[in-house]
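Q: Protein chains in written order, with our numbering: chain A, 6 to 415; chain B, -14 to 422.
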Amino acid sequence: MQIRPILAAMRHHKAGTVLIALQIALTLAIVCNALFIIQQRITRMSRPSGVSESNLFVIRSDWADKSDTQRIDAQMQADLIALRQLGSVQDAASTNSFPLRGTGWDNYIKLQPDQPRMTTDSAIFFSDDHTLATLGTRLIEGRNFTASEVAAQKPRDAMHAAQVIISKDLARRLFPQGSALGKTIYVSMGQAPSTVIGVTDTLQAHMTGSWAGPYAYNAVLIPARLLNDYTYYLVRAKPGQLEAAMRDAPKALFAQSRMRIIDHKDGVMSFAQVRQRAYERDVGMAILMGIISVVLLAITAAGIVGLTSFWVGQRRKQIGVRRALGATRGDILSYFLTENLLIGIGGVLAGAVLAIGINLWMVTQFEMARLSLAYVVAGVAALLVLGQGAVLAPALRASRVSPVEATRSV
Amino acid sequence: MFAYYLQLGLRSLRRNPMLTALMVMAVGFGVAASMITWSVFRAVSGDPIPGKSSQLYTVLVDNRGPQYNDNGEPPEALTYTDATALVAAHKAAHQTLFFNVAPSVLPEGNQSLPFIADGYATNADFFNMFEVPFEYGGAWRAGDDDGRAAVAVISHELNQQLFNGANSVGREITMDRHSYRIVGVTAHWDPKPRFYDLFSHNAFGDPVQLYLPFTRAIDVAMDTSGRNNCGSNTDFGVGREAWLHGECVWVPVWVELPDPAAATGYREFLTHYAAEQQRAGRFHWAPNVRLRGVNDWLDYERVVPPESRISLMVALGFFAICMVNTIGLLLAKFMRRAAEIGVRRALGAPRREIYRQFLIEAAAVGLAGGVLGLLLTALGMFGVGLLFEPEIARLAHLDLSLVATTLLVAIAATVLAAFYPTWRAAQVQPAWQLKSN
Chain A
6 MQIRPILAAM RHHKAGTVLI ALQIALTLAI VCNALFIIQQ RITRMSRPSG VSESNLFVIR
66 SDWADKSDTQ RIDAQMQADL IALRQLGSVQ DAASTNSFPL RGTGWDNYIK LQPDQPRMTT
126 DSAIFFSDDH TLATLGTRLI EGRNFTASEV AAQKPRDAMH AAQVIISKDL ARRLFPQGSA
186 LGKTIYVSMG QAPSTVIGVT DTLQAHMTGS WAGPYAYNAV LIPARLLNDY TYYLVRAKPG
246 QLEAAMRDAP KALFAQSRMR IIDHKDGVMS FAQVRQRAYE RDVGMAILMG IISVVLLAIT
306 AAGIVGLTSF WVGQRRKQIG VRRALGATRG DILSYFLTEN LLIGIGGVLA GAVLAIGINL
366 WMVTQFEMAR LSLAYVVAGV AALLVLGQGA VLAPALRASR VSPVEATRSV
Chain B
-14 MFAYYLQLGL RSLRRNPMLT ALMVMAVGFG VAASMITWSV FRAVSGDPIP GKSSQLYTVL
46 VDNRGPQYND NGEPPEALTY TDATALVAAH KAAHQTLFFN VAPSVLPEGN QSLPFIADGY
106 ATNADFFNMF EVPFEYGGAW RAGDDDGRAA VAVISHELNQ QLFNGANSVG REITMDRHSY
166 RIVGVTAHWD PKPRFYDLFS HNAFGDPVQL YLPFTRAIDV AMDTSGRNNC GSNTDFGVGR
226 EAWLHGECVW VPVWVELPDP AAATGYREFL THYAAEQQRA GRFHWAPNVR LRGVNDWLDY
286 ERVVPPESRI SLMVALGFFA ICMVNTIGLL LAKFMRRAAE IGVRRALGAP RREIYRQFLI
346 EAAAVGLAGG VLGLLLTALG MFGVGLLFEP EIARLAHLDL SLVATTLLVA IAATVLAAFY
406 PTWRAAQVQP AWQLKSN
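1) At the level of alpha carbons, what is the spacing between A/G311 and B/A317?
2) Determine which residues of the segment 218 to 235 of chain A have a Cβ less than 9 Å from any Cβ of chain B, and write them out in chain order.
3) Express the C-alpha separation of B/P415 and B/A331 in angstroms, rounding to a whole number.
4) Counting only runs of 4+ residues fully inside the segment 203 to 260 of chain B, write out the alpha helix (DSSP H) ranges in chain order.
5) Could you compute how far the alpha carbon of A/Y237 sits from the alpha carbon of B/Y258?
6) For B/N108, collect the residues of the same chain with a Cβ closer than 6 Å to its Cβ; drop the 5 residues on either side in sequence, then sort them by chain order.
7) Can you pull the chain B neighbours of A/Q28, defined as C-beta to C-beta under 8 Å?
8) With a CB to CB cut of under 7 Å and the five nearest residues on each side skipped, what residues in its chain are close to A/Y235?
9) Specify the secondary structure class of B/N85 as computed by DSSP and reduced to three states.
10) Relative to the C-alpha of B/Y53, which candidate in A/N60, A/I35, A/P121, A/W110 has its C-alpha closest?
11) Assuming contact is defined by CB atoms lying nearer than 8 Å, are B/V25 and B/A381 in contact in what I supplied?
12) Tell me which residue opens and which closes the beta strand (DSSP E) that A/P228 is part of.
13) When Cβ atoms are compared, which residues of the segment 274 to 299 of chain A fall closer than 9 Å to chain B?
14) On the three-state DSSP scale, how would you describe A/W68?
15) When the Cα of B/E261 is compared with those of B/V9, B/V46, B/R0, which residue comes out closest?
16) Taking C-beta to C-beta, are A/L258 and A/A157 nearer than 8 Å?
17) Near B/L147, which residues of its chain fall below 8 Å by C-beta distance, leaving aside the five closest residues on each side in sequence?
18) How would you list, in chain order, the residues of chain A whose beta-carbon sits under 7 Å from the beta-carbon of B/P198?
19) Taking 8 Å as the cut-off, does the segment 256 to 271 of chain A touch the segment 160 to 168 of chain A (at least 3 CB pairs, one atom from each stretch)?
20) Does the Cβ of B/N422 have 16 or more other Cβ atoms within 10 Å, making it buried, or fewer, making it exposed?
21) Which of the three DSSP states, helix, strand or coil, is assigned to A/G187?
22) Are the C-beta atoms of B/Y53 and some chain A residue less than 8 Å apart?
23) Taking the alpha-carbon of B/A78 as reference, which of B/V350, B/W125, B/L41, B/L359 has the nearest alpha-carbon?
24) Cα separation between A/V415 and A/H18?
25) Using Cβ-Cβ distances below 9 Å, what residues of the segment 93 to 117 of chain B are close to chain A?
26) Check distances from the C-beta atoms of the segment 156 to 183 of chain B to those of chain A and list, in chain order, the residues that come in under 8 Å.
27) Look up B/H163 in the DSSP assignment and say whether it is helix, strand or coil.
28) Within a Cβ cutoff of 6 Å, which residues of the same chain sit near A/L247, ignoring the five residues on either side of it in sequence?
29) I want to verify the contact list: residues of chain A whose CB lies under 7 Å from the CB of B/P291, in sequence order.
30) Near B/M160, what residues of its chain come up, given a Cβ to Cβ distance below 6 Å and the 5 sequence neighbours on each side ignored?
31) Can you tell me which of B/V413, B/T391, B/E346 puts its alpha carbon nearest to the alpha carbon of B/W23?
32) What residues of chain A sit near B/E374, judged by a beta carbon separation below 9 Å?
33) Taking Cβ-Cβ distances below 7 Å as the criterion, which residues of the segment 14 to 38 of chain B are in contact with chain A?
34) Going along the chain, which residues of its own chain have a beta-carbon closer than 8 Å to the beta-carbon of B/P60, five neighbours each way excluded?
35) Checking contacts by CB at 8 Å: is B/W408 closer than that to chain A?
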């Protein structure tokens, strides 16, 4: 293929060449970053929660009379017995929060009582001996709480948990060398140490925001019922009976006492709904970036078709002359394909630089990771293929120009 | 001439429908993407209380010291001790304090079920400081704060729910088993972002339903339903009283200072207050106080979600590409008519007329693109719930100003894009064109 005549011809329509190259460059820059954002969001969404999510649901019960803590305590224990007795329910536990909830109680975790700065931050989950079974989270070391270890905790009193269970990631963060089992940590504002009696497998915290990234898998299970103005009940339905259990459980609670409020909208949520809420921002972002990428590629392809068609129309006579002088259809076809390839290469080179530049800027502005070069390479290949595909139809039309054109006019 | 050129332009749109459709679609998609993301962005980044945002300040006092504070910044709210002391000092024109409450409300009649209503325990100054409009009655008096009165203000929406919208001033409302006399019903009031309650992450929360006196809420031991931040504090003792008078922060305080001189004066007072705490032995560090205005506070708390910023920028980039595309297509469209231009020029049309004709034609393309963009924007408003979480998505809406902006941006951008192609069209040499055909 002769490149020099193509370059010479390009000099005659500089503007069009530059416009196509510019469009390819900008498209590459935006599509690379958009796809990278999609990939990052999907990675976030597909993080494991450490919870066996099917058959699990959550009930929020607010105490309508805000009665004294003793009555709340008695009510919570009665509620749990009622829930566990239901035919469709496998197990149940009360808690203040749970993985993916979005907000909740966080405490600084320290290794020494008088340490000024925290070692790390962790979600606090008030639990009992049924919590791990209800969540479907495995213990990888140590033992579960016993029923007798579970105490009552008033919300404004300092916490004094003698025993705690911590998540695997928190254990690794606190005790990088060796086992956390039997070690003491300081989880509350008090000076009293807590002994780690168990370590769970992966368990996600309630915070899902990107700023909470370093603490996303830190959780401390405290053996206590938190006597707050409201409580959550985690309920595991028997396999296949989730819907029945979600219907039965609030009824059973109201049968226990009517002085409670279970919101009709989100008072009872399956864990699938919890997950959907936690990541709706990410889903939205991924959808938006997806739509923009698809429309952008379509518009760029359409732009190439439009401009190339115009060039073909403009050069019918020249094409006719070339054909009359012996050029084959293949020669004409490959002329336009090569021309587009040359413009495309120019565009993607500029675009790759721009894509990386935009990403570097976003890294400084938002909590974003560095763009992986694989995306740029894939984007370059995709845009070159797109360009060749878009130019094919006008190029084929050009190749069908009859040599007779050369004899018309001029 | 304008009408004639417009007619020509519209006719030319029909001449090569493929090319026209491509251009109109590029302009339409570009402008729609920008407008949808813009409508969300303007809602989350707007001034929630225009006209007064320069006079309202939130007050922050460092009660943790350099060792425990957040990189030198005081915590984002005050302790009960500091909040009540600063409000009692009355050093600003107006001052308010509050915390979030979520009492259970029991409607009248034995058939109804109790429900949770969100509100604030605050003082009388809250209402005039934040310009809360009233439908019936008004705010309680300052005397009710001091008298720890069982009074309440409810929102228009809660009034609808409880009293079917009737004037309920003077009637009773039961919250957490205690009875309160209603003194006012607000009109619909929901500034976004809710600048005054960023501490509890309520920038885009559901509208407030009720208000009751801070002093009364403390008396009945109503607990905060918002954030409570104890930082890295050591043991604060046992029970509510110890917590109340401890060093956990949970009470935002706002002051109204009409001019910069008043702000300077108040800053001095604050420094003085902190110095006094230091002398008294409560703080072991030099005064570290902040007075942050509304916009400063919105920035500091990073209220605009990064998603909204990123999507606006991506949409603008997308629009830019659409415009580059339009330049190319307009160039093709105009140059295809070189012969026609040659004839016009040969017949005596000056370059100015060529400019006029083609720019008007471009404006016609822009108008068509704008109309398509408007349709797509309206469609996008339904889909915006898919892209942003409900609290944010509900802020986006299509109003007259957005309609006007959409059309204007579409036309202006297309005309701008047409400058280069038009210049090229005006450069056409009449002689050459006439010769070659």
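Note that beta-carbon positions come from the ideal geometry of N, C-alpha and C, so glycine has one too. As the structure is a computational prediction, the values presented were derived from the model and not from experiment.
A: According to the data block:
1) Locating residue 311 of chain A in the first sequence gives position 306, counting from the first residue. Locating residue 317 of chain B in the second sequence gives position 332, counting from the first residue. Between the alpha carbons of A/G311 and B/A317 lies a distance of about 8 Å.
2) Under the 9 Å Cβ criterion, the segment 218 to 235 of chain A contributes N233, D234, Y235.
3) Taking the first residue of the second sequence as position 1, residue 331 of chain B is located at position 346. Taking the first residue of the second sequence as position 1, residue 415 of chain B is located at position 430. Their Cα atoms are separated by approximately 6 Å.
4) Positions of the alpha helix (DSSP H) runs, each at least 4 residues long and wholly inside the segment 203 to 260 of chain B, are given as 224 to 229 in order along the chain.
5) Walking along the first sequence from the start, residue 237 of chain A turns up at place 232. Walking along the second sequence from the start, residue 258 of chain B turns up at place 273. Straight-line Cα distance between these residues: approximately 42 Å.
6) If you number the second sequence from 1, residue 108 of chain B lands on position 123. Around B/N108: T81, D130, F199.
7) Indexing the first sequence from 1 puts residue 28 of chain A at position 23. Per Cβ cutoff of 8 Å: I306, V309, N310, G313.
8) Locating residue 235 of chain A in the first sequence gives position 230, where the first residue counts as 1. A distance below 7 Å between beta-carbons, with the five flanking residues on each side excluded, links A/Y235 to the following residues of its chain, in chain order: R65, S66, D67, W68.
9) For the purposes of this step, residue 85 of chain B is taken as residue 100 along the second sequence, with counting starting at 1. Assigned with DSSP and collapsed to three states, B/N85 falls in strand.
10) On the second sequence, residue 53 of chain B is found 68 positions in, with the first residue counted as 1. B/Y53 has its Cα closest to that of A/P121, out of A/N60, A/I35, A/P121, A/W110.
11) On the second sequence, position 40 is the one that residue 25 of chain B refers to. On the second sequence, position 396 is the one that residue 381 of chain B refers to. In this structure, B/V25 places its C-beta atom within 8 Å of the C-beta atom of B/A381.
12) Along the first sequence, one-based indexing puts residue 228 of chain A at 223. Boundaries of the beta strand (DSSP E) around A/P228: 224 to 231.
13) Of all residues in the segment 274 to 299 of chain A, only R282, E285, R286, D287, V288, G289, M290, I292, L293, M294, I296, I297 come within less than 9 Å of chain B when Cβ atoms are compared, listed by chain position.
14) Your numbering for residue 68 of chain A matches position 63 in the first sequence. Here A/W68 sits in strand by DSSP.
15) As a position in the second sequence, residue 261 of chain B is number 276, starting the count at 1. Selection B/V9, B/V46, B/R0 evaluated against B/E261 yields B/V46 as nearest (Cα-Cα).
16) The residue labelled residue 258 of chain A in the question sits at position 253 within the first sequence. The residue labelled residue 157 of chain A in the question sits at position 152 within the first sequence. Contact flag unset, no.
17) Taking the first residue of the second sequence as position 1, residue 147 of chain B is located at position 162. When the five nearest sequence neighbours on each side are left out, the beta carbons in the same chain lying within less than 8 Å of the beta carbon of B/L147 are those of V90, P92, E93, I139, S153, I158, in order along the chain.
18) Locating residue 198 of chain B in the second sequence gives position 213, where the first residue counts as 1. Within 7 Å Cβ-Cβ: nothing; B/P198 doesn't reach chain A, min ~18 Å.
19) The answer is no - the segment 256 to 271 of chain A does not touch the segment 160 to 168 of chain A, with fewer than three Cβ pairs under 8 Å.
20) Within the second sequence, numbered from 1, the residue matching residue 422 of chain B stands at position 437. With a pLDDT of only 47 at B/N422, under 50, the local geometry of the prediction cannot be trusted, and the value read off the model is given with reservation. Exposed, by the Cβ-count rule.
21) As a position in the first sequence, residue 187 of chain A is number 182, starting the count at 1. In the structure shown, A/G187 adopts coil according to DSSP, grouped into three states.
22) Along the second sequence, read from residue 1 onward, the residue named residue 53 of chain B stands at position 68. Judged by the 8 Å Cβ criterion, B/Y53 is in contact with chain A.
23) On the second sequence, position 93 is the one that residue 78 of chain B refers to. It is B/L41.
24) Reading the first sequence from its first residue, position 410 is the one you call residue 415 of chain A. Reading the first sequence from its first residue, position 13 is the one you call residue 18 of chain A. Only weak support is given to the placement of A/V415: the predicted model assigns it a pLDDT of 46, under 50, and the value that follows is read from those uncertain coordinates. If I take the Cα positions, the gap works out to 21 Å.
25) Considering only beta carbons, the part of the segment 93 to 117 of chain B lying closer than 9 Å to chain A consists of L98, P99, F100, I101, in chain order.
26) Taking 8 Å as the Cβ-Cβ cut-off, the segment 156 to 183 of chain B approaches chain A at D161, R162, given in chain order.
27) Counting from 1 along the second sequence, the entry for residue 163 of chain B is found at position 178. Strand at B/H163.
28) Within the first sequence, numbered from 1, the residue matching residue 247 of chain A stands at position 242. If we look at A/L247 and ignore the five residues flanking it on each side, its Cβ neighbours are N60.
29) Against the second sequence, residue 291 of chain B aligns to sequence position 306. Neighbours of B/P291 across chain A, judged by C-beta separation under 7 Å: F371.
30) To locate residue 160 of chain B, count along the second sequence from 1; it is residue 175. Taken in chain order, the residues that qualify are P88, V90.
31) Locating residue 23 of chain B in the second sequence gives position 38, counting from the first residue. B/W23 has its Cα closest to that of B/T391, out of B/V413, B/T391, B/E346.
32) Numbered from its first residue, the second sequence carries residue 374 of chain B at position 389. Within 9 Å Cβ-Cβ: R282, E285, R286, G289.
33) Hits within the stretch, in order: F14, A18.
34) In the second sequence, the residue the question calls residue 60 of chain B occupies position 75. So the list reads L45, D47, N48, R49, N54, N214, G216, V234, once near-sequence residues are dropped.
35) Sequence index remark: in the second sequence, residue 408 of chain B carries index 423 (1-based). Closer than 8 Å: no.
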